[in-house]
Structures are given as C-alpha cells and as structure tokens.
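A quick write-up on the structure given underneath.
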Amino acid sequence: MTNKNLVIFNLFISIVLIYFYYITPMDNSIYDYTTSYLIPIKLVVPDGSTLVQDFFIYDTREDNIESIIGEYFENSAAVKNEMVRQAYRQLEIFNDMIEYFKNDRKTYTVSIFFEAGGKKIRDSLKFCNFLKFEPEVLGLELAEQYRLPVTFSKYISFTIRNQIIEQMKKQYLDSIM
Numbered sequence: 099m100t101n102k103n104l105v106i107f108n109l110f111i112s113i114v115l116i117y118f119y120y121i122t123p124m125d126n127s128i129y130d131y132t133t134s135y136l137i138p139i140k141l142v143v144p145d146g147s148t149l150v151q152d153f154f155i156y157d158t159r160e161d162n163i164e165s166i167i168g169e170y171f172e173n174s175a176a177v178k179n180e181m182v183r184q185a186y187r188q189l190e191i192f193n194d195m196i197e198y199f200k201n202d203r204k205t206y207t208v209s210i211f212f213e214a215g216g217k218k219i220r221d222s223l224k225f226c227n228f229l230k231f232e233p234e235v236l237g238l239e240l241a242e243q244y245r246l247p248v249t250f251s252k253y254i255s256f257t258i259r260n261q262i263i264e265q266m267k268k269q270y271l272d273s274i275m
C-alpha cells in the first residue's frame with residue numbers, strides 16, 4: 099500500500115469507528131441486562147444442609163428449574179418438589195426486584211467483605227443501578243487496588259456479586275413491606 103492508500107484506509111476506519119461510537123444511539127433500554135443476569139439461589143435441604151445453585155434469569159420457567167434442581171435430588175420426589183418450590187419462589191422475588199430497580203435512580207451503598215491473599219478486606223461500594231453492575235470489572239479493580247494477584251479477581255467478583263444481590267434483595271423486601 100502506498101502512503102495515500104494507507105491514509106485513506108485509516109480515515110475510513112476512523113469514520114466508521116466514530117459513527118458507531120458517537121453517532122449510533124446508546125439508549126440503555128435496548129440492552130436487557132436481566133436476560134443474562136446470573137443469580138445465586140440458596141436452597142435449604144430437609145437434612146439441614148444448604149445448596150447454592152446459580153441460575154440465569156432466563157432459566158426461571160418452572161420446567162427449567164425442575165430440570166436443573168432435579169439433577170441433585172433424583173432419589174426423592176418430595177424433596178425435589180420442595181427444592182423446586184423454594185427456588186421458584188426466590189426467582190419470583192428476584193424478577194419482581196428487577197422490575198422495582200429497573201428505573202431506580204437512587205444511589206445505594208453496600209458493604210462488602212472478602213478474604214484473599216491472606217488479607218481480610220472490608221469496603222463499601224456506591225452505585226446507582228445494580229442491574230448494570232459489572233462484578234468482573236469490579237473484581238479486577240479491587241484486586242489491583244488491594245495489590246492482590248489478578249487470579250483472585252474471579253473469586254472477588256463472585257463474592258461481591260452475591261453480597262450485593264443479598265443486600266439489594268433485603269432493601270427491596272424492606273421497601274415493599
């Protein structure tokens with residue numbers, strides 16, 4: 099390529115990137131954050147133990163829940179039915195919570211705690227819309243902030259995500275009571 103062709107090519111790429119980045123409308127309503135949201139469900143098994151199962155929000159149809167939960171409790175239909183009932187109830191609450199917070203503009207502060215790399219870390223986070231919260235990004239930022247190896251970021255992300263969901267669920271339940 100000659101210099102003239104290279105300049106024209108770079109100009110073309112720049113225009114395309116500017117178009118998609120600045121000119122294309124970035125309306126948040128076109129992004130459905132709830133469809134891929136992973137939520138932890140805590141099930142209390144009749145023997146007193148607990149099982150935490152992650153569900154994607156689009157798995158909330160009762161037949162999906164039954165097939166996912168059924169893998170753990172194949173031997174007892176009564177236990178399986180009780181676990182499906184518990185999971186379905188928690189997922190219903192979460193769906194209602196998503197609707198409640200979808201257009202919420204308040205700033206929330208949540209407390210977080212995690213242990214990583216021999217350090218016990220307590221902190222608080224402020225954010226506006228927890229549905230747009232990106233735990234993976236925050237996990238990387240916190241690992242860097244506390245000088246932890248990047249390998250801890252996934253653990254931090256998972257821990258923080260669960261803590262935020264629990265605290266937002268509590269705030270939601272308090273607000274509707």
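Counting from 99, one number per residue, gives the positions in the sequence shown under our numbering.
No residue lacks a Cβ here, since even glycine has one placed at the ideal position from N, Cα and C.
All of these numbers come straight from a predicted model, not from anything done at the bench.
Residue interval of the alpha helix (DSSP H) (run including residue i)
i           : result
residue 245 : Looking at the DSSP string, residue 245 is not in any alpha helix (DSSP H), and its letter there is neither H nor E.
residue 257 : 251-274
residue 203 : Per DSSP, residue 203 belongs to no alpha helix (DSSP H) and is neither H nor E.
Distance, residue j Cα to residue i Cα
i           : j           : result
residue 329 : residue 165 : No statement about residue 329 is possible, as the shown extent of the chain runs from 99 to 275 and does not include it.
residue 224 : residue 203 : 12 Å
residue 65  : residue 209 : No answer is possible for residue 65: the residues shown for the chain start at 99 and end at 275.
residue 178 : residue 192 : 21 Å
residue 181 : residue 141 : 6 Å
residue 258 : residue 171 : 29 Å
residue 242 : residue 186 : 38 Å
residue 262 : residue 222 : 10 Å
residue 112 : residue 198 : 41 Å
Whole-angstrom C-beta distance between residue j and residue i, which should lie under 8 Å
i           : j           : result
residue 102 : residue 195 : The pair is not a contact, with the Cβ atoms about 58 Å apart (cut-off 8 Å).
residue 139 : residue 189 : 7 Å
residue 205 : residue 226 : 6 Å
residue 240 : residue 254 : 5 Å
Burial state of residue i, where buried means 16 or more other Cβ atoms lie within 10 Å
i           : result
residue 167 : buried
residue 126 : Confidence in residue 126 is poor, its pLDDT being 41 and thus under 50, which makes the residue's placement unreliable; the coordinate value appears in the next sentence. Exposed, because fewer than 16 other Cβ atoms sit within 10 Å of the Cβ of residue 126.
residue 276 : This structure cannot settle anything about residue 276, because the visible part of the chain is limited to 99 through 275.
residue 251 : buried
residue 175 : exposed
residue 137 : buried
Beta strand (DSSP E) segment containing residue i, residue limits
i           : result
residue 208 : 206-214
residue 174 : Residue 174 -> no beta strand (DSSP E), and no H or E assigned at all.
residue 217 : 217-225
Chain C contact for residue i (CB, 9 Å cutoff)
i           : result
residue 266 : Annotation note: the requested chain C is absent from the structure, which comprises a single protein chain.
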